[in-house]
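Numbering (full-length UniProt numbering), first residue to last: 1 to 350. Since the structure comes first, as structure tokens, the remarks are kept for the end.
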Amino acid sequence: MKFIHIADVHLGAQPDAGPLYSRGRSRELWETFERVIRVCEDEQSDLLLIAGDLFHRQPLVRELREVDYLFSELTHTKVVLIAGNHDYVGTNSNYRTFRWSENVFPLFGEKPQYVDFPELKTAVYGLSYHSREISRPLYDGFTAAGAEPFEILLAHGGDEKHIPFDRRAMECAGFEYVALGHIHKPMILKEDQIIYSGALEPVDKNDTGPHGYVKGEITASGVRTQWIPCASREYIHLGIQISPEDTTGSIKREIEKQIQEYSNENIYKIILRGKRDHDVSLDTERMKGGQNIIEILDETSPAYDFEKLYTENADTILGRYIEQFRGCREGSTEYQALCEGVEALLNSRQ
Ligand SMILES: [Mn+2]
Numbered sequence: 001m002k003f004i005h006i007a008d009v010h011l012g013a014q015p016d017a018g019p020l021y022s023r024g025r026s027r028e029l030w031e032t033f034e035r036v037i038r039v040c041e042d043e044q045s046d047l048l049l050i051a052g053d054l055f056h057r058q059p060l061v062r063e064l065r066e067v068d069y070l071f072s073e074l075t076h077t078k079v080v081l082i083a084g085n086h087d088y089v090g091t092n093s094n095y096r097t098f099r100w101s102e103n104v105f106p107l108f109g110e111k112p113q114y115v116d117f118p119e120l121k122t123a124v125y126g127l128s129y130h131s132r133e134i135s136r137p138l139y140d141g142f143t144a145a146g147a148e149p150f151e152i153l154l155a156h157g158g159d160e161k162h163i164p165f166d167r168r169a170m171e172c173a174g175f176e177y178v179a180l181g182h183i184h185k186p187m188i189l190k191e192d193q194i195i196y197s198g199a200l201e202p203v204d205k206n207d208t209g210p211h212g213y214v215k216g217e218i219t220a221s222g223v224r225t226q227w228i229p230c231a232s233r234e235y236i237h238l239g240i241q242i243s244p245e246d247t248t249g250s251i252k253r254e255i256e257k258q259i260q261e262y263s264n265e266n267i268y269k270i271i272l273r274g275k276r277d278h279d280v281s282l283d284t285e286r287m288k289g290g291q292n293i294i295e296i297l298d299e300t301s302p303a304y305d306f307e308k309l310y311t312e313n314a315d316t317i318l319g320r321y322i323e324q325f326r327g328c329r330e331g332s333t334e335y336q337a338l339c340e341g342v343e344a345l346l347n348s349r350q
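Below, the structure written as structure tokens:
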């Protein structure tokens, strides 16, 4: 039995995007989803498992029709899906009334249910969110019923407000495979058994690293899985080390150089660290240039010679301020307070 496991596709989202891709980014979520459907068709996968949050919010009827059309084109693959906390089955949800193609099996009940595929010797279990949050541990104590030799659980959540679960209990619940969704970072909780595929495409600027899906096969001798990257872009957080010699121009050049190494296909958040000259003002907007940067965080601190400043100002408020911070460690909150206080006091003199 061959399956593909995806989660958190978030169709309909407007993901964080750099200036180069802001308009097309939303479309890319659809394109990548289509690509996975094509993989199912090419490989004649038996099941496509969707572990929640296929949509970013309550799906519109026309969005459901688009998705169902793609499913309906599959000549062999059957699709099983649950609703997550983003696309939960609300009172007016279109999930309640939509008529899916024959090869689509939604598990939209609030209580655990399963769909049986005798020809695949497989049963797939799951439940759906009917509200935005569920803090009860619904998966703890939920076990495979033994309906078929191969049993799979589709589950969504794992944090405090979204069905927290006990990993050990899940390991022993009798499922050959647990297809998890909700956490956007791909994660293996137990090799070949309990896996977060991760979001298909990164949606938020903090969804760093590669994204993709799980390809698996269950045979009499066990489960084998493989994680396959397929997102069109990655969010990359780039730390740039600054020294007092740097200027806005030189930092801009360094950013360009580093982005060239990682390619402008990706979307960047830049974090400036280190010491800048206390007399230089860094213009982060100008540093962006034409690069695909969402945000530049300036975490630098001005390079002051505190000893010299102290000696020259021993009997002023500036000197007394510096004295308060004697011996504090660079990088500590105290040190930051020292830098910012000194900067403010020096500015107030001008
Ligand atoms: Mn979720």
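Note that beta-carbon positions come from the ideal geometry of N, C-alpha and C, so glycine has one too.
Any non-hydrogen atom of ligand 1 closer than 6 Å to residue i Cβ
i    : result
D87  : no
D53  : yes
G274 : no
G198 : no
H130 : no
G158 : no
G84  : yes
H5   : no
H278 : no
H10  : no
H184 : no
Integer-rounded CB distance, given that residue j should sit under 8 Å from residue i
i    : j    : result
A231 : P210 : 7 Å
G222 : G212 : Actually they do not touch by this definition, with Cβ atoms about 22 Å apart.
V79  : L107 : So it is not a contact: roughly 11 Å between Cβ atoms.
L180 : A7   : 7 Å
F142 : A173 : 6 Å
M1   : E217 : 7 Å
I255 : I240 : 6 Å
L200 : V89  : In fact, because the Cβ distance is near 21 Å, the residues do not count as touching under 8 Å.
Same chain, Cβ closer than 6 Å to residue i, neighbours up to 5 away in sequence not counted
i    : result
A169 : D140
E148 : K121, T122, A123
Q291 : I259
V104 : F71, V79
S26  : Q14
I134 : I163
V214 : H5, I195, S197, T225, W227
R99  : none
Extent of the continuous beta strand (DSSP E) run through residue i
i    : result
R233 : Neither: R233 is in no beta strand (DSSP E) and is coded neither H nor E.
S93  : No beta strand (DSSP E) contains S93, which DSSP labels as neither H nor E.
E148 : Unbroken run through E148: none, as it is neither H nor E.
T316 : Careful: T316 lies outside any beta strand (DSSP E) and carries neither H nor E.
Run of the alpha helix (DSSP H) containing residue i, from where it starts to where it stops
i    : result
A169 : 167 to 171
Q336 : 333 to 349
R253 : 248 to 262
F71  : 61 to 72
Local Cβ density within 10 Å of residue i, reported as buried at 16 or more and exposed below that
i           : result
V61         : exposed
D116        : exposed
E234        : buried
S301        : buried
P186        : buried
L154        : buried
L338        : buried
N85         : buried
residue 413 : This structure cannot speak to residue 413, because the chain is shown only from 1 to 350.
Neighbourhood of residue i by C-beta, 7 Å cutoff - its chain only, sequence neighbours within 5 removed
i    : result
K111 : L127
G109 : L127, S128
S93  : Q58
I188 : I195
T248 : L282, D283, R286, M287
Chain-order list of residues whose beta-carbon lies under 8 Å from that of residue i (same chain, five-residue window excluded)
i   : result
L11 : L29, W30, F33, L54, F55, H56, P59, E63, V67
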